[in-house]
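Participant:
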Amino acid sequence: MASFLSTSATRSSRQKDKIYLIGFVTHQITGGKLPSNRQVLRSLFYNIREVKLNIKGAARLTIKKVFIFWEKARIQTKHLKDSVAKLEKLHEEWRKLQKNSNRTGPAQTEKEKLFKAILDDLFDIAHQDALQTATEEDKLFLLKQREKGCPGVMGGVDLKCVKAEERWQKRNASEMTRLTKFRTSSELEELKSLGSSTSDEDEIEDNDQRTEKVDMVTLNYGPEKKMKKYTRGTEEIVNEKLFLILDRCAISDRDAARIISATIESLSHDSQQYIVKLEGAVVHWGGKLLPDMLNKENVERVAVLISCGEEEQLIGVPLLENGAGSTIAKSVYSELGKWGALDKIQAMSFDTTAVNTGRIKGACVLLEQLMEKKLLYLPCRHQILEVVLRSVFDAALGKTTGPQSDIFKKFKTEWNSIDKKKFKSGVKDKSVASKLINPDQISKLWSNNEKYLKSKKIVDGLKVTNDTAKRGVKLITDYNSCITKDEEQKQYLLQLIAECRTKFPGFSKASLSEPLPFEQTMS
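For the sequence shown, full-length UniProt numbering assigns the number 523 to the last residue and increments by one with no breaks.
1. Could you give the residue range of the alpha helix (DSSP H) that holds valine 304?
2. Can you round the beta-carbon distance between glutamine 98 and tyrosine 46 to whole angstroms, since I take them to be within the 8 Å contact cut?
3. For aspartate 292, collect the residues of the same chain with a Cβ closer than 8 Å to its Cβ; drop the 5 residues on either side in sequence, then sort them by chain order.
4. Looking only at its chain, what residues have a beta carbon closer than 8 Å to the beta carbon of leucine 61, apart from the 5 residues adjacent to it on each side?
5. Fully enclosed by the region 317-350, which beta strand (DSSP E) runs are 3 residues long or longer?
6. Using the C-alpha atoms, what's the distance from lysine 361 back to glutamine 421?
7. Below 7 Å CB to CB, which residues in the same chain sit around glutamate 321 once its five sequence neighbours on both sides are set aside?
8. Span of the alpha helix (DSSP H) holding valine 40?
9. Where does isoleucine 68 land, buried or exposed, given buried means 16+ other C-beta within 10 angstroms?
10. Would you mind giving the Cβ-Cβ distance between leucine 305 and glutamate 312, rounded to the nearest angstrom? I have them listed as a contact below 8 Å.
11. If you draw a straight line from the C-alpha of tryptophan 339 to the C-alpha of isoleucine 315, how long is it?
12. Can you list, in chain order, the residues of its chain with a C-beta nearer than 8 Å to that of glutamine 346? Leave out the 5 residues immediately preceding and following it.
13. Comparing alpha-carbon positions, which option in Asn37, Asp129, Glu147, Leu290 lies nearest threonine 119?
14. How would you write the range of the beta strand (DSSP E) that lysine 410 sits in, first residue to last?
15. Below 8 Å between beta carbons: does that hold for lysine 33 and methionine 154?
16. Can you pull the DSSP bridge partners for alanine 126?
17. Of all the options Tyr479, Glu488, Glu487, Asp486, which has the alpha carbon lying nearest to the alpha carbon of isoleucine 497?
18. For alanine 354, which residues of its own chain have a beta-carbon under 8 Å away from its beta-carbon, when the five flanking residues on both sides are left out?
19. Is the distance from the Cβ of glycine 286 to the Cβ of glycine 149 below 8 Å?
20. Between the alpha carbons of proline 106 and lysine 18, how many angstroms are there, rounded?
21. Could you tell me which residues DSSP pairs with leucine 289 in its beta bridges?
22. Which same chain residues end up closer than 6 Å to leucine 131 when comparing Cβ atoms and leaving out the 5 residues on each side of it in sequence?
23. Taking only three categories from DSSP, how would you classify tyrosine 20?
24. Report back the beta-carbon spacing between leucine 142 and isoleucine 75 to the nearest angstrom; my notes put them in contact at under 8 Å.
25. Who pairs with glutamine 313 in a beta bridge, going by DSSP?
26. Is the distance from the Cβ of isoleucine 476 to the Cβ of lysine 288 below 8 Å?
27. Roughly how far, in whole angstroms, is the beta-carbon of leucine 41 from the beta-carbon of isoleucine 22, given that I think they are within contact range, below 8 Å?
28. Give the straight-line distance between the Cα atoms of alanine 303 and glutamate 386, rounded to the nearest whole angstrom.
29. Is it buried or exposed, residue 589, if we count other Cβ atoms within 10 angstroms and call 16 or more buried?
30. Is the separation between the beta-carbon of glutamine 491 and that of valine 332 shorter than 8 Å?
31. Taking the alpha-carbon of cysteine 380 as reference, which of Leu290, Lys456, Glu112, His284 has the nearest alpha-carbon?
32. Give me the residue from Ala134, Ile125, Thr133 with the minimum Cα distance to arginine 146.
33. DSSP three-state label for valine 282, please.
34. Can you tell me which of the three DSSP states proline 379 falls into?
35. Who are the Cβ neighbours of glutamate 112 in its own chain at under 7 Å, not counting the five residues just before and after it?
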């Protein structure tokens with residue numbers, strides 16, 4: 001009887017460890033393959049249930065275990081943060097199925113079947129350049145592991161490769177020691193030679209030049225680029241003609257940078273003096289609820305534009321199924337893909353609504369996930385400054401419950417007796433200015449500061465008020481019910497009108513003498 005109860009208790013305890021669709025939890029990942037989705041999830045649930053970690057902590061611990069297998073396979077992986085995000089996404093998919101596990105309908109059954117089908121596939125966290133950087137043998141192994149069921153196993157340790165790495169590490173360590181000694185001795189000699197210098201400023205300048213020369217020393221083996229001190233290029237090399245040719249040949253920004261750098265070096269020039277990276281672009285979008293021409297219902301549209309410096313381009317105003325963040329992100333991603341601009345986007349400008357800025361389901365986060373890269377956030381400053389201004393008034397005057405405010409009533413009553421010529425900005429008041437302005441950064445000296453001028457040029461080029469998207473929204477609002485009901489023709493019409501407005505921004509003779517876009521096409 002006691003034996004039966006013990007067996008029953010063990011079986012009950014074992015059953016608790018069984019996870020829906022996945023199987024039993026395990027504290028370690030074993031085998032001669034790269035970990036599968038099932039193995040990773042089993043280890044994740046062990047860290048959650050037994051180690052008592054939250055999802056984020058359990059995912060980090062699991063990914064660190066997974067990295068061990070990828071390091072053994074000598075295959076480059078994604079960053080830890082991106083790998084953790086991938087595991088969290090997989091867990092979220094399982095969680096959605098588990099919530100509806102009591103359902104027995106065909107839809108739930110089909111979803112469970114699809115999820116089970118990927119459990120024994122590779123949990124792929126390979127870097128996007130892994131196939132380019134791996135050896136031929138490692139490349140074939142990774143491709144084999146990506147097949148259904150992860151066929152193949154890792155071989156034994158490559159002793160030749162391990163010994164070669166050890167030799168390289170020893171050489172690298174000795175070279176670093178030699179370089180450190182050389183730098184120290186050079187600086188000492190320089191200080192002695194500059195002992196009779198007449199200016200402290202000259203000493204610092206010469207010392208910086210000597211340090212730069214030492215930093216530019218390169219090695220003939222190993223990753224010498226890490227020891228080289230790079231400087232940002234200052235000379236433009238990509239002109240409009242070269243840019244158009246690269247675009248016509250469908251060459252990506254990364255490949256273009258490689259080609260241009262190699263060309264410069266083949267001409268015996270220093271590629272570090274030139275700006276070889278193509279200028280990035282900003283994507284703007286803004287939504288609008290508009291009447292549908294085919295029925296009486298309102299439909300959601302989103303205007304998608306890209307800007308680069310002073311140039312703007314409307315790329316589409318697609319219809320949306322709904323106003324959710326995922327729908328907006330997919331539409332923006334689709335329009336960028338149609339124009340081949342995905343690899344050129346480096347920032348995004350948007351209105352500060354919850355549907356855009358949501359931490360999990362916001363359009364911005366989801367767009368970054370679709371593009372598989374981080375983007376610079378440029379939320380519309382109009383809306384942000386409105387909140388700041390309201391907070392200032394609330395702090396100074398108290399919250400108002402209506403349109404009437406005591407301070408404005410007083411201004412209205414005394415307005416005729418106020419001498420407007422004596423108006424003075426608050427920042428010119430000494431007590432106010434002393435709190436707002438840092439005396440170490442006097443604005444009169446900014447015009448001679450190269451760093452300030454360069455930063456100002458970059459910041460001036462950032463369109464952070466999202467007026468670009470608002471112009472696109474105004475355009476579709478004006479022409480939504482005009483000329484055509486065909487969606488494809490409407491998209492073409494909107495782009496043509498946007499281009500005409502770009503060509504004729506004003507009513508001067510110089511502006512009006514420009515040829516129309518369709519006239520250029522016909523000629």
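For every residue, glycine included, the Cβ atom is placed at its ideal position computed from N, Cα and C.
Facilitator: This is what the structure gives:
1. For valine 304, there is no enclosing alpha helix (DSSP H); the enclosing beta strand (DSSP E) covers residues 298-308.
2. Between tyrosine 46 and glutamine 98 the Cβ distance is about 17 Å, and since that is not below 8 Å, they are no contact.
3. Asn298, Val299
4. Asn47, Val51, Leu53
5. 345-350
6. Checking the displayed sequence, the identity of residue 421 turns out to be lysine instead of glutamine. About 53 Å.
7. Excluding sequence neighbours, glutamate 321 sits near Thr327.
8. First-last of the alpha helix (DSSP H) with valine 40: 37-49.
9. In this structure isoleucine 68 is exposed. Its beta-carbon is surrounded by fewer than 16 other beta-carbon atoms within 10 angstroms.
10. 6 Å
11. 7 Å
12. So the qualifying residues of the chain are Gly280, Ala281, Val282, Leu375, Leu376.
13. The residue asked about is misnamed: residue 119 is leucine in this sequence, not threonine. Cα-wise, what sits closest to leucine 119 is Asn37.
14. Careful: lysine 410 lies outside any beta strand (DSSP E), inside the alpha helix (DSSP H) at 406-414.
15. yes
16. Thr77
17. Tyr479
18. Gly362
19. no
20. If I take the Cα positions, the gap works out to 24 Å.
21. Glu300
22. Lys139
23. coil
24. 6 Å between Cβ atoms; contact.
25. DSSP output for glutamine 313 lists Ile306 as bridge partner(s).
26. Yes. Within cutoff.
27. 5 Å
28. 23 Å
29. Residue numbering for the chain in the displayed model covers 1 to 523; residue 589 lies beyond these limits and cannot be assessed.
30. no
31. With respect to the C-alpha of cysteine 380, the residue from Leu290, Lys456, Glu112, His284 having the closest C-alpha is His284.
32. Ile125
33. Valine 282: strand per DSSP, three-state reduction.
34. strand
35. Leu21, Leu97
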